Amino acid sequence: MFINWALGELNLKIVYYGAALSGKTTNLQHIHARTPAKLRGRLISLKTQQERTLLFDFLQLEMGRVNNLKPKFKLYTVPGQVYYAASRRLILQGTDGVVFVVDSQAGRLAENQESWYTMEQHLIELGQDLSSFPIIVQLNKRDLPHVLSAAELRRQIDIQQRPCFEASALQGNGVFDTLKAAMNAVVAQMRRAV
Ligand SMILES: Nc1nc2c(ncn2[C@@H]2O[C@H](COP(=O)(O)OP(=O)(O)OP(=O)(O)O)[C@@H](O)[C@H]2O)c(=O)[nH]1
Ligand SMILES: [Mg+2]
Numbered sequence: 018m019f020i021n022w023a024l025g026e027l028n029l030k031i032v033y034y035g036a037a038l039s040g041k042t043t044n045l046q047h048i049h050a051r052t053p054a055k056l057r058g059r060l061i062s063l064k065t066q067q068e069r070t071l072l073f074d075f076l077q078l079e080m081g082r083v084n085n086l087k088p089k090f091k092l093y094t095v096p097g098q099v100y101y102a103a104s105r106r107l108i109l110q111g112t113d114g115v116v117f118v119v120d121s122q123a124g125r126l127a128e129n130q131e132s133w134y135t136m137e138q139h140l141i142e143l144g145q146d147l148s149s150f151p152i153i154v155q156l157n158k159r160d161l162p163h164v165l166s167a168a169e170l171r172r173q174i175d176i177q178q179r180p181c182f183e184a185s186a187l188q189g190n191g192v193f194d195t196l197k198a199a200m201n202a203v204v205a206q207m208r209r210a211v
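Mind the numbering: the sequence shown is residues 18 to 211 in my numbering, read in order.
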């Protein structure tokens, strides 16, 4: 969180985290496509020739008011491929909340578990208290066959009681429910902190 008092701006950072190909970039693409241009900036994607995230995607949104401040939400994605761990840690620095994007396909369970574990390790290293830090979970790719049930994913990944949203980012279902929950959670956490 960063407040620019001169401009009356409250800057809040939300990072979309998750295993490779889970659909993080697709979430930002949908948000960008469906948000009025005056409320959002450009979608900046640093990607490989194969359309995989190389460093991050970035999208800024201006939404509503918090007290007398204009909140600016800075949305980032991390690169999911395993060898980009250092970039993921860097991108998580200073974040106010995380959207963890799960690939619901049964064959991707181990990657989701591994990604969840490394997210927790990075957040702990960055000094976050996991019991209060806002983490919203998106169970993505619900449109595909062979997906695990929400209950099974909750059991197999250490989601605990965190809010979960079923989604198909490709079709756009559940993308804004997830985003709104994340925005509300970081604003609520910021209110508790100040
Ligand atoms: N069927 C289906 N495909 C999806 C969904 N979300 C994303 N995809 C597809 O999954 C592939 C990977 O999506 P990305 O958004 O690039 O995944 P990512 O998590 O950003 O991947 P990395 O940048 O490598 O970490 C693309 O082909 C998307 O079109 C979904 O809900 N349903
Ligand atoms: Mg990506």
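Cβ atoms here follow ideal geometry from the backbone N, Cα and C, with glycine treated the same way.
Given the structure is predicted, the values throughout are model-derived calculations rather than measurements.
Under a Cβ-count criterion, where at least 16 other Cβ atoms within 10 Å of its own Cβ denotes burial, should glycine 40 be classed as buried or exposed? Here residue 40 refers to the residue found at position 23 when the sequence shown is read from its first residue. Buried, because 16 or more other Cβ atoms sit within 10 Å of the Cβ of glycine 40.
Burial state of glutamate 68 (16 or more Cβ within 10 Å): Here residue 68 corresponds to residue number 51 of the sequence shown, with the count starting at 1. Under this definition glutamate 68 is an exposed residue.
In chain order, what residues of the same chain have a beta carbon less than 6 Å from the beta carbon of leucine 27, not counting five sequence neighbours either side? Mapped onto the sequence shown, residue 27 falls at position 10. Excluding residues within five positions, the ones whose Cβ falls inside 6 Å are Ile20, Val83, Leu86 and Pro88.
Span of the beta strand (DSSP E), counted from its first residue to its last, around lysine 91: As a position in the sequence shown, residue 91 is number 74, starting the count at 1. Where lysine 91 is concerned, the enclosing beta strand (DSSP E) stretches over 87 to 94.
Specify, as a first and last residue, the run of the beta strand (DSSP E) that aspartate 160 falls within. In the sequence shown, residue 160 corresponds to position 143, counting from 1. Taken as a continuous stretch (DSSP letters only), aspartate 160 belongs to no beta strand (DSSP E), as it is neither H nor E.
With a threshold of 8 Å on Cβ separation, who are the neighbours of threonine 112 within its own chain once the five nearest residues in sequence on each side are excluded? Along the sequence shown, one-based indexing puts residue 112 at 95. The answer, listed in chain order, is Lys30, Ile31, Val32 and Tyr93.
Of the choices Val99, Val115, Ala37 and Leu63, whose alpha-carbon is the least far from that of arginine 179? By one-based count along the sequence shown, residue 179 stands at place 162. Of the candidates Val99, Val115, Ala37 and Leu63, the one whose C-alpha sits nearest the C-alpha of arginine 179 is Val115.
Taking contact to mean at least 3 C-beta pairs separated by less than 8 Å, is the region 150 to 160 in contact with the region 118 to 129? Short answer: they touch.
Would you mind listing the alpha helix (DSSP H) stretches within the region 95 to 148 that are 4+ residues and don't spill past its ends, in chain order? Runs of the alpha helix (DSSP H) inside the region 95 to 148: 102 to 109 and 126 to 142.
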